[in-house]
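Residue numbers (the numbering used here), protein chains in the order written: chain Y, 1 to 649; chain A, 1 to 357; chain W, 1 to 99; chain E, 1 to 162. We put the CB at the ideal spot given by N, CA and C, even for glycine. Take a look at the structure below.
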Amino acid sequence: MNNIYYLWLIPFFPLVGFIINGLFGKKLPKPVIHWVANVAVWSSFTVAVIAFFDLLKVVPGQRILVDPVYRWIFTGGLAIDIKFLLDPLSAVMILVVTGVGALIHVYSIGYMHDDPSYYRYFAYLNLFIFSMSILVLASNIVLMFVGWEGVGLCSYLLIGFWFEDEEKAYAGRKAFITNRIGDFGFILGILLMLVIFKTLDFVEINKILIYHGETLSVTALTLIAIFLFIGATGKSAQIPLYVWLPDAMAGPTPVSALIHAATMVTAGVYMIGRLNLLYAHAPVAMAIVAAVAGATAFFAATMAITQNDIKKVLAYSTVSQLGYMFMAMGVGAFAAGIFHLMTHAFFKALLFLGSGSVIHAMSGIQDMRQMGGLKKYMPVTYWTFLTATLAISGIPPFAGFFSKDEIIWSSFASSRGGVVLWAIGVITAIITAFYMFRLVYMTFHGENRSPEEVKHHIHESPAVMTIPMVILAILSVIGGWVGVSPVIGKLFGVENSNIFEEFLHPVFAHAHIHFHHYSEATEWWFMAISVGGALLGILIAFYLYIKRTDLPRKIALKVWPLYKLLFNKYYVDEIYYYLFIHPIYLISLLFLWRFTDVYVIDGVGVNGSAKSVRFTSRILKYWQNGDAQVYIFSFVLGVVLVLGYLLLA
Amino acid sequence: MFLIVIIKILFVVGVLLTFAALLTWVERKQSAVTQDRVGANRVQILGIRALGLFHIITDALKMFIKEDYVPEKVNKFLHFIAPLFPFFSALAVFAVIPFGSPIKIGGRIVELSIARLDSGLIYLFALSSLAVLGPVIAGWASHEKYALLGGMRAAAQMISYEIALGVSIIGVIMVYNTLDISLIVEKQGELLFGFLPKWGIFVQPLAFLLFLPAIIAENKRIPFDLPEGESEIVAGYFTEYSAMRWGMFFLAEFVEVAVVAAVLTTLFFGGWQFPYLFDDGFHFFGVWHLPYWLIVIIRILTFFAKWIFGIWFLQQVRWTFPRFRYDQLMKLGWKIILPWGLINIALTAIVIMLING
Amino acid sequence: MPYNGILIMAVILFIIGITGVMVRRNIFIMLMSIELILNAANLVFIAFARAFADPAGQVIALLSITLAAAEVGVGLGIFVAIRRTHNTVNVDEINLLKH
Amino acid sequence: MLATMLIYIFGALAIFSGLMMILYRNPIHSALWFGLVLFSLAGIYALMQAHFLALIQILVYVGAITVLIVYVIALLNFDQRDLVGKVTILKGIAVIVAAILFIELLFYVGGLYVKGIAPPPEFGKAANIGLATLTRYLFPFEVISILLLVAVVGGVYIAKKD
């Protein structure tokens, strides 16, 4: 375990940017604001790259670099350091976070250029990068939790960025409260970890699990894993706590791209990847993860079909894709999950940026029914968007194909997976391809259905927005080529084509998950099925939204109850409202407020303590009467009592 | 042992009281001489006037047979005990004054002082500080404003000058390196540079200059007799005293004069030391051997000679200098004697350091 | 040396001092009672200095006497100031702490 | 033997004077009784071979502190009726509490038996105490001298007019 003494710079630069913009931003001119923010995050990215290459210099088996900054908590047997950890997993993650974050910072310059709270936006964004890098680099779970809460805070602040709008402020609150429910589980997990492992350091925990893993109680490990996964369902929008993510689209679109697509929502996946050994020791927990993930992937995808808001579609798509990642984690294909995390970061960020570009051009309109035919107005946006769509649909050789295919294959091949999971994966892939192309066709093809006054202003976005999109588009194409599965690699005569998995291998090496062996032909067949499914989805979309544009309405009418169910997102929000929120509201109103707060806290607690103090002082004032001799008398009385006690005792 | 102590006490008290009695006459006679008058010579017994020495007896008689008038409102007890404080403190102080070199009687060394104390100088100050109680209590007990003012004045003056006194004497303590008065006197018999007696006045001239006014002020004698003054506060704290109680105050004052003279002699004029006279005889261009009893007698006589000279000197000061004003008195005490006393300490310390290397 | 007798003497003096402070309403007598308490302590110090032939007790008694002198100096200054502002030295009427 | 007897005599005198001190109504009387307490204690000190301390006791306590107290009492010269304190129940309780404290302390002291050793003849002499003060106890000595300075300045400042 070697030291790397400049790692703290990665969170440090955005923190400085946040402090400058947060404290003085109101007085600063806009160019200064975005230069400060961008320089901060690009510096972090540079440091991350340097650190990555330093990591590569180390022998693969020993790629753990730490930066012990400061001993934070030291009490009894517990020592918690502010200590940063760089291993292949966090290296990948930090590169994605700072890289995508940097691109989105650039994009934001164009997207937010006439917002009155420019400085606030960039301050929050820097704070987010700071928190996220803390989360990623943390070497113990408490520090990770600090970052975890920090990104939650930034998410809340940025969703409710335009807080003048009641609905957007509500969305922010919803996200925050939903996350709090998850955090509750997360904290329980941390405490239980402390009880079981007596340490919270990842490296230490891994050591314990490697050498004494068998002696630990499986129930306890399962409980820890489930508690932590509850936290992950909150942060990473899984069933049952996914409901906040679609509403989170109330925030500025670059925020959706950065926080609610590329980075923050993947924190749960990253956390499971970090604690892969723990999960490997808790098969039940992994099964739960896989099951929840499969359900999430499928249901979110079905909900995306009927959405008309361009960002909502992408939001459900994100939930669905996160489901894929968790599915990979659940079946033990950790590297595949992280791989998908990375490729997803590229193409989903690009999709959001593209949609942002569209919204920007449409003067804020997000309803796809008012769009159409935008291809000729904004070609760069169209082509980059199409690239990302192909990537998410899993069409080779785009990035999404490699990662998604690996997940689908792993879900079949893993001893922890099975054919059901595989089927869900494939069906979801078909639906994904369908709704994504529905989105593309409704937005960019066909006739322009936008209102007249909007139509005149449709224009391609400025270079500051398109360049990041182009970069992300390139990454969406080639990003997957680092993780080409061996069978395809053999086709091109490349040995060890899956560099990515090999790079991550030391991290996951000790989690022994068994994968069944199948012949290459089987693998090829499965690949063909998933690609075929994707193509099928595209074809359906093409048929319904280009050829027979009248058909969707008819189908919707024909299966009206189903359509309505999907359109209303299975009434989950309503169910939650009646099942949880309303009762809690009533309990809060009647019991917590009217009774507990008014009578117990105000009456007994606040006023009662004041009254008791007044009552006591009424008695004590005869003692505290300003007469020095009475004080001396009480003093002597005390001495007498103490001496008497000592004599008698 | 007890017998010797009692004899010494009787001797000292007798001498002191005799001196005090004589002083009542000396006071008047000396003023007459100074002012070129004939003075106190009226009393005659069988036609013998004896320079007016019989005045002592008549004074005493007068004081004893006068009406001892005690005003109605005074605090009787305190009024009664107040004069005792200065009187007894003055008498007690003399206990540590050596009036001759230790003598050998029958193989036993007898100190010619009532008590040889390790911290004799502290004793001297401690006992003399009690004298302050007299004026304060007298002034307060009299229940009369002039008496009270006088008492306050006297007390403030004495408290202030006690500090001046203490500070000025520290130089002497440092030079002789002891608090034992007998030892101080013994050390004064040594010679400085081979010819100058190591008397206090020679080794600590500044201390002497500070000590002299301070001790006169402590004694409330002219020119520092501010507690009384016919034009301002009548007779000060003994306004309400008469007859022998008043006489006690005066007797105390005269005893104090004697004691002050003795203290001055002891600390600054070599006490019983006769210059160049050592235990085996004179050391003056050769050794002149003398018998031991002669040396003892010479020393006792030397002490008495110096003492009487001191008394004469103090009386001469009394009749020579004009009175101070009260604020001048306080200024002298706090702003001149005290700082110079501190300077003296510093200078003495430096010189001792230089000599001792 | 009757050390036990001296200790009991010190205790009695201490109690007299404590009682004086608590009972008497005249601040001068209270002050003197406090001094009495200090003296009781000094007596014990000196007794034990003698008993164990250790000058420490005497040194501490010396310091304690100095402390008493300082205390009396300040205390009397306060009394003079109180007398000037409140025209009384009776603690019954001095109750600034109350207001 | 004589010393022991004298100690008891002085002790009895001290206790009697102490009682008189707190019983007398007039503070000047109290102050004089206080002086007598201090004198008796000085006598005990001297008998316990603390000659220097005995003299310091007289010099500082009797000669300075008592005199100052008497002086200030006389200076302030208040009416006699000022001195009449109220008799309250609290005073009665205070006396009872003091009595209990006395009994408790007697229990503590009664349990002690101090044999003591004979100190060297120069013990308690000025030079001996001076040596101890200026070597082992130099720091408290310096501290107390600063305290004294502060007290002097403070006393002057407090008592100063306006």
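Using a C-beta to C-beta distance shorter than 7 Å, which residues of chain E count as neighbours of residue i?
i	result
A:Trp140	Ile28 and Ala74
A:Val132	Val67
A:Gly151	Ala74
W:Thr66	Ile144 and Leu148
W:Ile78	Ile158
A:Ala126	Leu55, Ile58, Leu59 and Gly63
Just confirm the distance between the C-beta atoms of residue i and residue j, as a whole number of angstroms; I'd bet it's less than 8 Å.
i	j	result
Y:Ser530	Y:Gly394	6 Å
E:Gln57	E:Gly124	So it is not a contact: roughly 12 Å between Cβ atoms.
E:Leu68	W:Val80	No, E:Leu68 and W:Val80 are not in contact; Cβ-Cβ is about 11 Å, not under 8 Å.
W:Gly20	W:Leu36	7 Å
Y:Ala232	Y:Ile196	19 Å between Cβ atoms; not a contact.
A:Val175	A:Gln204	6 Å
Y:Met112	Y:Tyr119	Not a contact, Cβ separation roughly 10 Å.
A:Leu314	A:Phe87	Not a contact, Cβ separation roughly 18 Å.
Y:Ile7	Y:Phe84	In the sequence under discussion, the amino acid at residue 7 of chain Y is Leu, which differs from the Ile named in the question. Contact flag correct, Cβ pair sits at about 4 Å.
E:Gly154	W:Val23	With a Cβ gap of about 28 Å, E:Gly154 and W:Val23 do not count as contacting.
Y:Gly354	Y:Phe385	4 Å
Using the beta-carbon of each residue, which ones in chain E are nearer than 8 Å to residue i?
i	result
Y:Gly644	Ile100 and Glu104
Run through chain A and tell me which residues come within less than 9 Å of residue i, C-beta to C-beta.
i	result
E:Phe52	Asp118, Ser119, Ile122 and Leu179
In this structure, what does DSSP give as the bridge partners for residue i?
i	result
Y:Gly483	Y:Asn498
Y:Tyr70	Y:Ile82
A:Trp288	A:Phe282
A:Ile103	A:Val110
A:Leu196	A:Leu192
A:Gly229	A:Val234
A:Ser128	Paired residue(s): none; A:Ser128 is not in a bridge.
Y:Asp309	Y:Asp367
Y:Ser414	Y:Phe515
Y:Ala649	Partner(s): none; Y:Ala649 has no beta bridge.
A:Ile48	A:Ile45
Y:Ala65	The question names Ala, but residue 65 of chain Y is Leu in the sequence shown. BP columns for Y:Leu65 point to Y:Asn2 and Y:Leu86.
Y:Thr75	Y:Leu78
A:Leu365	With chain A running from 1 to 357 in the structure shown, residue 365 of chain A is simply not present.
Below 8 Å on C-beta distance, what does residue i contact in chain W?
i	result
Y:Ile619	Going along chain W, no residue has its Cβ under 8 Å from Y:Ile619, so there is no contact; the nearest lies around 16 Å.
E:Ala132	Pro55, Ala56, Gln58 and Val59
Could you work out which residues of chain E lie near residue i, taking near to mean beta carbons separated by less than 9 Å?
i	result
Y:Leu647	Glu104, Phe107 and Tyr108
A:Ile97	Near A:Ile97 there are no residues of chain E at all, since even the closest Cβ is about 16 Å away, more than 9 Å.
Which bits of chain Y does residue i rub up against, with CB to CB less than 7 Å?
i	result
E:Ala94	Phe633
For residue i, which residues in chain A fall below 7 Å Cβ to Cβ?
i	result
E:Val70	Leu133, Val136 and Ile137
>> Please list, in chain order, the residues of the region 7-25 of chain W that have any C-beta partner in chain Y closer than 7 Å.
In response: Listed by position along the chain: Ile18, Val21 and Met22.
>> Please list, in chain order, the residues of the region 115-128 of chain E that have any C-beta partner in chain W closer than 8 Å.
In response: For the region 115-128 of chain E, which is checked against every Cβ of chain W, the residues closer than 8 Å are Lys115, Gly116, Ile117, Ala118, Pro119, Pro120, Phe123, Gly124 and Asn128.
>> Which residues of the region 628-643 of chain Y have a Cβ closer than 7 Å to any Cβ of chain W? Give them in chain order.
In response: The residues in question are Ala628, Gln629, Ile632, Phe633 and Val636.
> Can you list the alpha helix (DSSP H) stretches of 4 or more residues lying completely in the region 151-187 of chain A, in chain order?
Replying inline: Within the region 151-187 of chain A, the complete alpha helix (DSSP H) runs of at least 4 residues are 181-187.
> If you measure beta-carbon to beta-carbon, which residues of the region 25-44 of chain W are closer than 8 Å to chain E?
Replying inline: Residues of the region 25-44 of chain W with a C-beta less than 8 Å from any C-beta of chain E: Arg25, Asn26, Phe28, Ile29, Leu31, Met32, Ser33, Glu35, Leu36, Asn39, Asn42 and Leu43, listed in chain order.
> Which parts of the region 516-550 of chain Y are runs of the alpha helix (DSSP H), unbroken and 4 residues or longer, counting only runs that do not cross its ends?
Replying inline: The region 516-550 of chain Y contains these whole alpha helix (DSSP H) runs: 520-542.
>> To test your reading of the DSSP string, which unbroken beta strand (DSSP E) runs of 3 or more residues are found completely within the region 374-405 of chain Y?
In response: Within the region 374-405 of chain Y, no complete beta strand (DSSP E) run reaches 3 residues.
>> Short of 7 Å Cβ to Cβ, which residues in the region 2-36 of chain E face chain W?
In response: The region 2-36 of chain E vs chain W, Cβ under 7 Å: Thr4, Ile7, Tyr8, Gly11, Ala14, Ile15, Gly18, Leu19, Met21, Ile22, Pro27, Ser30, Ala31 and Phe34.
>> So within the region 118-168 of chain Y, which uninterrupted alpha helix (DSSP H) runs reach at least 4 residues, ignoring any that extend past its ends?
In response: Listed in chain order, the complete alpha helix (DSSP H) runs (minimum 4 residues) inside the region 118-168 of chain Y are 118-137 and 141-159.
> Which residue spans inside the region 1-25 of chain W form an unbroken alpha helix (DSSP H) run of at least 4?
Replying inline: For the region 1-25 of chain W, the continuous alpha helix (DSSP H) assignments of 4+ residues that do not extend past its boundaries occur at 3-23, in sequence order.
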